[in-house]
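Okay, structure first, notes after.
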Amino acid sequence: MRIRSYSLAVALQTLVLVVVSWGAGQVGLLTSVNGWTYDLLLKLTPTAHPSEQTLLIEVSRADNTAAYWQRLFDQLHRFPTRQWVVAYPSEHTPVQAQVIYGAIAPTSSSEVIKGLNSLPKPSQGVYRGFESSDFDSEATLLPVLITQQVTGQGLSTQRFWLDYRLADTGIPRISAQALLEGRISPELLKDKIVFIGLSRDYTQPMLYTSLFAEGRPLTPTEFQLVATQTLLNGDAIHTLSAAWQLGLLFAWCGLCLLAYRNTLEYELWLSLGFAFGAVAVSWLSLQLVALWLPLAELVVTQFMAFFLVYRIRQVQERTAIDQFLFNYRAMMRKHIENASFFDTDQHWSQLINMVNQTLNMNRLIFLERVENDHRVKEIAALNCSISDIAEMRRDYERTPYSTALQLNQPLLLEKTYLNDQPLDEVQMLVPLTFAGEIMGFWAFGIQQENMNNIPNFVRIVDDYGKQIAELLFQRKQWQEQKEEDSSVINRYLSFDHTRHRFHVFGQVVASQHRRLNLFESVFEASSNAVMLYDLFGRINLINRAMESLLEQQRLAGFEFTALDMMHKLSALSTARCRLLLQQVVQQQREIKLLVELGDESYELRISALMHTESTQQFDAQEDQPFELQGILFELKAMSGSKERQSNQVRLVKHLFHLIQNDLESIFLASTLLGGCESDQEREEIEGILSDRRQNLNSVLGKSWYYLQQHEQYQSADSLYPLDTCDSIEKIIRQYSCVALTQKNLRIQTQLIDYSELGMADPAALPTVIHNIIDILAEDAIQNSVIKVRFKEHEKGLIYQFSNQGFGLPEERLLQLLQDQTPQNSENFSEFRYSISQVKEWGGRLSITSQLGRGIRVMLVFKRFS
Amino acid sequence: MSDQSTMSNDVQDKPIVLVIDDSDSIRQLLGISLKRAGYRPLLAANGHVGLVALKKFPAVKAIILDMMMPIMNGTDFIHHLKQLDRTDIPIIVLTGMNDFVASERLKLPEIKAVLTKPVDLALLLKLLKDSIVSV
């Protein structure tokens, strides 16, 4: 339906467009443009055949006497001319039967042939041709009459434009005096149509034409001569009739529209092409069939079609943008501004959901003011209904409602309000008013104990009441606005509201931008799995990490409220979760819980996302009734801590071994001291005993230091005693690089179960090992083995990495290590850094190579003890 | 080798016992107690040194071996011992790690006994005596 009406609109506009351009031509608005283009194109056409059938005999004004004319006529009788024409006879011109005369109003009754010698109406002073509207007289035009007489054929046309190219080649002319003096050869006048007229002088009107014959205007006689010769040559230039013009313009307009509709780009170039096409067709038409097309109308129509299509497309695009904006705004509100709350009839149950997630109430009921009445009605309730309300009036102008309104804060109900009140149930009535408008009431019953468990319960309820009232007020406003929007949707999409639409667009985009910035910064700041619940405890945003984590655990995150999710993840009781959630929401406390998901341990952090001052600046125009923006759930993987924990365990084990050795020595020494056979032996044993005591103290001191360092060594430059064999084994096992895969390389390690601990930075060690493997893999030959050997030495723990590779010349290796090559290998750049890093650990990293054998890297760790 | 393993200058016909332990003090103290018990202790700081000492003094009657040592641990030492075809020498293992006691690695015929630290000297000497007698 819309498409049909749209097509109709386009067709109508096309009709208007064609009629307008055609009409403009008809009323002469385009005459000058058309004339100018006609003149221009005429100049560009090749010169026509010269005038051969006509000749002009010029009579000087001084000789314009009856006797002179008679002498002239007598003389002319001696020449074999075809026809004499006196287009503008003077009072002295003799009247003879064989002469065709021009007359202003020729009569058919006369024996003398007379043709209408009127000139056409000039256009902007230029005489181009005869138009049907030029004359009222039904008399035949003089050139037409002459042609009819000479050719003996009937010529019906009274409307034609002149081919001035004839005039441009020059009009054959002789003077009457020369003729009379016998200086003219009879051959010159043979079979010629001789025009006799006054020669040029100041008394003659001069006619400006498309082309100036011999570079000057024409006299009226010359004009009639050129017109006659045009007809005789069959070069009369015709123009289209009004009906044909209209038809042509419709066809042209259709062609243009078709082309524009199917062209999404380069419309301007297409338009220029069309314009030049029209000019070319006109020129060819003029040249080949002597038909002058309404070029100005064609070009005007085409450009109007272009602007029409352009405009339609613009309107369509704007309509699409408007539609997008409309939908987008709805989506934005849904996701960001809790639009689903505004938009749904279930808003009260959402409120109940929220309240129930944070305040552990037995039962509650929301009452809404009846429109245009002072009564209230039930909207939504939890574990009760309006029939449970003891007072039956439901009139908010009476108690207890009026009291609550007067107090404008939660009213502790002394009398039973909700029937069947248990002994330990406290009942309260909260007025929901905003901006002086009564939105409704919130009544609830809560166990005294539960109430006591929530610090500042009344203040929290009051705060909730106010925020809920504001939310409801804004919902009402939003719905009113929505109704208005939907009723004026067509107007909204029309051209008239461009400013408004773009204002809305700007607002929405800016709002979205700010929101995205806000949320992205929250999400991006954390590499952990994060999800954001709205203030009703439903998921608003969830990042990819969290999504995949929940998928792995087969938890349908979107189906759970914040409370459910907390319960599922933490395995704490719902009551406990509710209490913790209360702390998050009301006290803005961050809760941290240890969570086990599969084999991994996570730290679940729950915090409140608050509407801070800085965001208020952004969102001044937006609905922000609640201070709380949402509840942020963040799961932080504890694998890093596990690694640290594992290192700590190894350290403790090692320390245990050291301490155990010392204790064992002390124990053995003490045992042996009793049975010493000599002083020397006693001294020796005592020496050992003393040495071990000191060593034990030292080991304990070291142990204490490093165990204290545990939490701090996360920073990149921290050293820690590591079981290097185990760490390197793990790093190698987990590593894979392109070169390893492409060359099908195998890493063979020969490490040992137990070794002394070595000093290294656990965070940087993988990078160093990866770098070494990369260098060896890059140099290695296909299908070879990279070997890792360990050797414990008093000076340190030595790892030797070697490959079967091509190797590097010593000089080249030195260049690479000293960064002297213009295009140094990235691996060696890293290696230089690794060298300095290992040096900082108290160790040593070196590389040697033998051409044809491969590369050998030695990594030495400083021993812990 | 000479700096890490020492031969007592006592009477040459006393049975030689090789003590392999990475702890200097334990090694020395075990040496003193073995001397007192009438053995000739041969001390080595790790499995590698122990193997060298064994090659130099093939008349070793028993070996007291610590399992957790750098450079060459107890398990590797036993492996090399097999290669030298010296499985005739009884081994008494000393280990600080309780989990080693139950380890599969210690369920070898060459290992006559496994003692956890702190070592009961009397028990060690009794086991040593029994092992040497039974060979």
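For the protein sequence lines, the chains are A and B, in the order given.
According to the working numbering, the residues represented by the first sequence are 1 to 865, in order.
According to the working numbering, the residues represented by the second sequence are 1 to 135, in order.
Positions of the beta carbon are idealized from the N, C-alpha and C atoms, including for glycine.
Residues of chain B with a CB under 7 Å from the CB of residue 672 of chain A: which are they? Taking the first residue of the first sequence as 1, we reach residue 672 of chain A at position 672. What residue 672 of chain A touches in chain B: 29, 32, 33.
On a Cα-Cα basis, can you pick out the residue from A:657, A:775, A:454 that is closest to residue 575 of chain A? Counted from its first residue, the first sequence places residue 575 of chain A at position 575. Checking every option, the nearest Cα to that of residue 575 of chain A belongs to A:454.
Taking 8 Å as the CB-CB cut-off, is residue 117 of chain B touching chain A? In the second sequence, counting from the first residue as 1, residue 117 of chain B sits at position 117. For residue 117 of chain B, the answer is yes, since a Cβ of chain A falls inside 8 Å of its Cβ.
For the alpha helix (DSSP H) containing residue 770 of chain A, list its first residue and its last residue. Working through the first sequence from its first residue, we reach residue 770 of chain A at position 770. Looking at the DSSP string, the run of the alpha helix (DSSP H) that includes residue 770 of chain A is 765-779.
So which residues of chain A does residue 25 of chain B contact, with C-beta pairs closer than 9 Å? As a first step, residue 25 of chain B must be located in the second sequence, where it is residue number 25. Per Cβ cutoff of 9 Å: 661, 662, 664, 665, 666, 668, 669, 688, 689, 691, 692, 695.
What residue range does the alpha helix (DSSP H) around residue 148 of chain A cover? Taking the first sequence and counting its residues from 1, the one referred to as residue 148 of chain A is at position 148. Element bounds for residue 148 of chain A: 142-151.
DSSP three-state assignment for residue 37 of chain A, whether helix, strand or coil: Counting from one through the first sequence, the residue named residue 37 of chain A turns up at place 37. Note: residue 37 of chain A maps to helix in three-state DSSP.
Under the three-state reduction of DSSP, which class applies to residue 686 of chain A: helix, strand or coil? Numbered from 1 along the first sequence, position 686 holds the residue referred to as residue 686 of chain A. Looking at residue 686 of chain A - three-state DSSP - the assignment turns out to be helix.
So, is residue 17 of chain A buried or exposed, given that buried needs 16 or more other C-beta atoms within 10 angstroms? For this step, residue 17 of chain A is matched to residue 17 along the first sequence. Result: buried.
Excluding the 5 residues preceding and the 5 following residue 300 of chain A in the sequence, name in chain order all residues of the same chain whose CB lies nearer than 6 Å to its CB. Locating residue 300 of chain A in the first sequence gives position 300, counting from the first residue. So the list reads 21, once near-sequence residues are dropped.
So, at 7 Å on beta carbons, what are the nonlocal neighbours of residue 363 of chain A in its own chain, with the 5 sequence-adjacent residues on each side left out? Counting from 1 along the first sequence, the entry for residue 363 of chain A is found at position 363. So the qualifying residues of the chain are 382, 383, 384, 418, 444, 445.
CB of residue 79 of chain A within 8 Å of CB of residue 172 of chain A, strictly: As a working note, residue 79 of chain A is residue 79 in the first sequence. As a working note, residue 172 of chain A is residue 172 in the first sequence. Against a cut-off of 8 Å, the Cβ pair of residue 172 of chain A and residue 79 of chain A comes out as no contact.
Tell me the DSSP secondary structure of residue 678 of chain A in three-state form. Along the first sequence, one-based indexing puts residue 678 of chain A at 678. Looking at residue 678 of chain A - three-state DSSP - the assignment turns out to be coil, as it is neither helix nor strand.
Residues in its own chain within less than 6 Å of residue 122 of chain B by CB, not counting five upstream and five downstream? Taking the second sequence and counting its residues from 1, the one referred to as residue 122 of chain B is at position 122. Cβ within range, chain order: n/a, list empty.
Going by alpha carbons, who is nearest to residue 696 of chain A out of A:585, A:665, A:43, A:607? Within the first sequence, the letter at position 696 stands for residue 696 of chain A. The shortest C-alpha separation from residue 696 of chain A is found at A:665.
Is residue 398 of chain A helix, strand or coil by DSSP? On the first sequence, residue 398 of chain A is found 398 positions in, with the first residue counted as 1. It is coil, neither helix nor strand.
Return the Cβ separation of residue 655 of chain A and residue 699 of chain A in integer angstroms, given the expectation that the two are a contact with Cβ distance under 8 Å. For the purposes of this step, residue 655 of chain A is identified with residue 655 of the first sequence, where counting begins at 1. For the purposes of this step, residue 699 of chain A is identified with residue 699 of the first sequence, where counting begins at 1. Contact holds; Cβ gap of about 6 Å.
Less than 6 Å between C-beta atoms, sequence neighbours within five positions excluded: which residues of the same chain meet that for residue 650 of chain A? Residue numbering aside, residue 650 of chain A sits at position 650 when the first sequence is read from its first letter. Once the five neighbours on either side are set aside, the close Cβ partners of residue 650 of chain A are 723.
Which residues in the same chain as residue 846 of chain A place their Cβ atom closer than 6 Å to its Cβ, once the five residues preceding and following it in sequence are excluded? Indexing the first sequence from 1 puts residue 846 of chain A at position 846. Taken in chain order, the residues that qualify are 858.
With 9 Å as the C-beta to C-beta threshold (strictly closer), list the residues of the region 30-60 of chain B near chain A in chain order. 30, 32, 33, 35, 36, 46
Contact set for residue 64 of chain A: own chain, Cβ-Cβ below 7 Å, skip 5 residues either direction: Here residue 64 of chain A corresponds to residue number 64 of the first sequence, with the count starting at 1. Counting only Cβ-Cβ distances below 7 Å, and skipping sequence neighbours, we find 90, 92, 198.
Rounded Cβ spacing between residue 25 of chain A and residue 275 of chain A (contact assumed at less than 8 Å): For the purposes of this step, residue 25 of chain A is identified with residue 25 of the first sequence, where counting begins at 1. For the purposes of this step, residue 275 of chain A is identified with residue 275 of the first sequence, where counting begins at 1. Not a contact, Cβ separation roughly 16 Å.
Go to residue 447 of chain A, then tell me how far its beta strand (DSSP E) extends in each direction, as first and last residue. For the purposes of this step, residue 447 of chain A is taken as residue 447 along the first sequence, with counting starting at 1. 437-447 is the extent of the beta strand (DSSP E) around residue 447 of chain A.
Residue 71 of chain B: contacting residues in chain A (beta-carbon distance under 7 Å): In the second sequence, counting from the first residue as 1, residue 71 of chain B sits at position 71. In chain order: 792.
Any chain A beta carbon closer than 8 Å to residue 121 of chain B: In the second sequence, counting from the first residue as 1, residue 121 of chain B sits at position 121. With 8 Å as the cut-off, residue 121 of chain B counts as an interface residue toward chain A.
Quick one: is residue 161 of chain A buried, meaning 16 or more other Cβ sit within 10 Å of its Cβ, or exposed? Along the first sequence, one-based indexing puts residue 161 of chain A at 161. Burial call: buried.
Whose C-beta lies closer than 7 Å to the C-beta of residue 310 of chain A among residues of the same chain, with five residues either side of it excluded? Your numbering for residue 310 of chain A matches position 310 in the first sequence. Closer than 7 Å at the Cβ level, and outside the excluded window around residue 310 of chain A, lie 267.
By Cβ distance, which residues of its chain are closer than 6 Å to residue 191 of chain A, with the 5 residues on each side in sequence left out? By one-based count along the first sequence, residue 191 of chain A stands at place 191. Same-chain partners within the cutoff: 82.
Flag this pair as yes or no: are the beta carbons of residue 41 of chain A and residue 286 of chain A separated by less than 8 Å? For the purposes of this step, residue 41 of chain A is identified with residue 41 of the first sequence, where counting begins at 1. For the purposes of this step, residue 286 of chain A is identified with residue 286 of the first sequence, where counting begins at 1. Contact: yes.
Using a Cβ-Cβ cut-off of 8 Å, state whether residue 675 of chain A counts as contacting chain B. Counted from its first residue, the first sequence places residue 675 of chain A at position 675. Yes, contact with chain B.
Mind checking residue 725 of chain A: buried by the 16 CB within 10 Å criterion, or exposed? In the first sequence, residue 725 of chain A corresponds to position 725, counting from 1. Residue 725 of chain A is buried by the Cβ-count criterion.
Cα-Cα separation, residue 205 of chain A to residue 37 of chain A: Counted from its first residue, the first sequence places residue 205 of chain A at position 205. Counted from its first residue, the first sequence places residue 37 of chain A at position 37. Going by the C-alpha atoms only, they are around 25 Å apart.
Consider the Cβ of residue 681 of chain A: report whether some Cβ of chain B lies at a distance smaller than 8 Å. For the purposes of this step, residue 681 of chain A is identified with residue 681 of the first sequence, where counting begins at 1. Chain B contact via Cβ: present.
DSSP three-state label for residue 43 of chain A, please. Indexing the first sequence from 1 puts residue 43 of chain A at position 43. Note: residue 43 of chain A maps to helix in three-state DSSP.
Residue 422 of chain A: which of A:438, A:448, A:675, A:143 sits nearest, CA to CA? Indexing the first sequence from 1 puts residue 422 of chain A at position 422. Here the closest residue by C-alpha is A:448.
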